[in-house]
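In the numbering used here, the protein residues as written are 365 to 673. Glycine is no exception: its CB is placed at the ideal position from the N, C-alpha and C atoms. Below is one structure, written out as C-alpha cells; comments come after it.
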Ligand code: PSU
Ligand code: MN
C-alpha cells in the first residue's frame with residue numbers, strides 16, 4: 365500500500381529547488397472561525413505568504429488523501445462543512461480518518477506530521493493548543509505540545525491563548541525539550557494580548573537568528589520542532605483587562621455545558637467571539653496574517669544556509 369498523499373506540483377517544485385514553503389493548518393478554517401471569515405482568512409493568509417516570496421501549503425485530509433496544498437474547492441468544502449462533516453484531526457485519529465476515506469482538518473499536531481512528510485520545515489498558525497486550565501484533574505493537555513517534541517517543524521504562533529494555563533504550557537514545552545523563542549520582545553505573548561506576564565525562555569529579533577537556531581538544532585540531530593511566539597501587532601491587540609473576564613465567562617459556560625475533549629477549544633473560541641461582539645475574530649485574523657509573514661521570512665532565511673553565517 366502506498367501512502368495516499370497529494371502534494372501540489374508548485375509545492376513539489378519549490379521543495380526540490382530549495383525555495384521557501386510555509387505550511388498552514390486547516391482546523392482554524394473548519395473549527396476555528398465562522399464562515400465566511402474562515403475562507404476569506406485562509407485565502408488572505410496564503411496571499412500573505414506568497415507576497416513574502418514563499419509558497420503556501422495548506423494541509424488537510426480530503427476523501428482519505430493527505431493533501432499538501434489545497435485548491436479552492438477543497439478550501440470551500442472545509443469552510444462550509446456542517447457540524448460533524450469534517451473531523452478535527454490530530455496524531456491519534458489521522459490514520460483512521462485516512463484509512464476510512466474520510467475528510468478532516470488538521471490541527472497543529474496533524475499539520476506538523478503532514479508538513480514533515482512533505483519536507484516542509486516551517487509552519488504558520490494562530491495559536492497552538494496547550495495545557496488546559498484544570499488539567500491537574502481533567503488531564504487535558506493538547507497533543508500539539510507532544511508533537512512539537514517529536515517532529516522537526518518550526519511553528520510560528522501568537523503564543524498560547526489565555527483560555528489555557530500558560531505557565532503549565534511553558535513547563536511542558538520545557539520538559540519535552542521544545543525551544544520556545546519570542547519574536548521581537550522578551551515576554552511570552554498570549555494570543556489576543558502581546559504580553560502574558562511571563563518571560564519567554566528565549567527571544568530573537570531577527571528571522572535569520574531564528575533560522576540559525578532551527579538549523580543548529582537540525583545539525584545536533586534533535587528530533588524536536590521549535591515554537592516561535594510572535595506577538596499580535598499592537599494596533600490589533602485586546603488588552604488583558606478586557607479579554608480576561610470574557611475568557612473566564614467562556615470557560616465557565618463550557619464547564620456548565622459539560623463540553624470536553626476536542627470540543628473545548630472550538631466552543632471557547634466561539635463563545636469569546638460572541639462575548640466580544642466579533643472583536644476577538646478580528647484580532648485572530650490579524651495575528652494569523654502577522655504569523656504567516658514572519659514564517660515566510662524564516663523559511664526564506666532557512667532556505668539559504670550559505671547566507672546565514
Ligand atoms: N487556537 C485557535 N484557533 C484554532 C486552534 C487553536 O485560536 O483553530 C486549533 C488549532 O488547530 C490547534 C487546536 O492545533 O485548535 C488545538 O486543539 P486542542 O486544544 O483540542 O488540542
Ligand atoms: Mn484537548
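Same chain, Cβ closer than 8 angstroms to residue i, neighbours up to 5 away in sequence not counted
i, result
"residue 603", "557"
"residue 551", "558, 559, 560, 561, 562, 563, 564, 595"
"residue 581", "516, 543, 588, 590"
"residue 400", "443"
"residue 540", "509, 510, 512, 513, 588"
"residue 597", "650, 651, 654"
"residue 457", "451, 468"
heavy atom of the ligand PSU below 8 angstroms from residue i C-beta
i, result
"residue 506", "yes"
"residue 525", "yes"
"residue 633", "yes"
"residue 371", "no"
"residue 386", "no"
"residue 450", "no"
"residue 473", "yes"
"residue 395", "yes"
"residue 607", "no"
"residue 555", "yes"
"residue 490", "yes"
"residue 648", "yes"
When the options are compared against residue i, the one with the closest alpha-carbon
i, options, result
"residue 527", "536, 614, 483", "614"
"residue 487", "659, 647, 429", "659"
"residue 524", "502, 544, 573, 407", "544"
"residue 624", "648, 420, 496", "496"
"residue 502", "633, 446, 622", "622"
"residue 396", "607, 452, 575", "452"
"residue 393", "382, 383, 408", "408"
"residue 644", "608, 620, 570, 374", "608"
"residue 537", "513, 554, 654, 380", "513"
"residue 366", "413, 428, 383", "428"
"residue 548", "518, 520, 570", "570"
"residue 653", "375, 410, 642", "410"
"residue 606", "584, 641, 619", "641"
"residue 532", "600, 412, 620, 494", "494"
"residue 449", "599, 620, 465", "465"
"residue 436", "461, 414, 413, 404", "404"
"residue 434", "457, 520, 585, 374", "374"
"residue 413", "520, 461, 626", "520"
Check whether residue i and residue j have beta carbons under 9 angstroms apart
i, j, result
"residue 663", "residue 385", "yes"
"residue 467", "residue 426", "yes"
"residue 511", "residue 661", "no"
"residue 593", "residue 546", "yes"
"residue 628", "residue 529", "no"
"residue 499", "residue 455", "no"
"residue 432", "residue 479", "yes"
"residue 482", "residue 387", "yes"
"residue 421", "residue 484", "yes"
"residue 578", "residue 522", "no"
"residue 406", "residue 372", "no"
"residue 637", "residue 398", "yes"
"residue 573", "residue 647", "no"
"residue 667", "residue 382", "yes"
Contacting residues, own chain, Cβ-Cβ under 7 angstroms from residue i (five flanking each side not counted)
i, result
"residue 389", "423, 470, 471, 472, 475, 489"
"residue 617", "635"
"residue 342", "Because the chain here runs from 365 to 673, residue 342 falls outside it and cannot be looked at."
"residue 378", "385, 419"
"residue 611", "526, 527, 636"
"residue 461", "425, 451, 453, 468"
"residue 391", "452, 469, 470, 471"
Cβ-heavy atom distance, residue i to the ligand MN, below 8 angstroms
i, result
"residue 338", "Examination of residue 338 is not possible in this model, given that the chain is present from 365 through 673 alone."
"residue 629", "yes"
"residue 493", "yes"
"residue 466", "no"
"residue 548", "no"
"residue 678", "The question about residue 678 has no answer, for the chain in this structure spans 365 to 673."
Residues of its chain near residue i, where Cβ-Cβ distance is below 6 angstroms and the 5 sequence neighbours each way are ignored
i, result
"residue 566", "545"
"residue 430", "369, 478"
"residue 402", "393, 443"
"residue 630", "395"
"residue 441", "none"
"residue 555", "491, 522, 523, 525"
> Whole alpha helix (DSSP H) runs in the segment 500-579 with 4 or more residues, listed along the chain?
Replying inline: 507-514, 530-539
> Residue ranges of each beta strand (DSSP E) run of no fewer than 3 residues wholly in the segment 572-648, ordered along the chain?
Replying inline: 590-593
> What residue ranges within the segment 447-501 form continuous alpha helix (DSSP H) runs of no fewer than 4 residues, ordered along the chain?
Replying inline: 458-463, 472-482
> Which ranges does the beta strand (DSSP E) cover as unbroken runs of at least 3 residues, wholly within the segment 410-434, from first to last along the chain?
Replying inline: 419-426, 429-432
>> In chain order, what are the residue ranges of uninterrupted beta strand (DSSP E) at least 3 long that sit wholly in the segment 367-392?
In response: 369-371, 385-388
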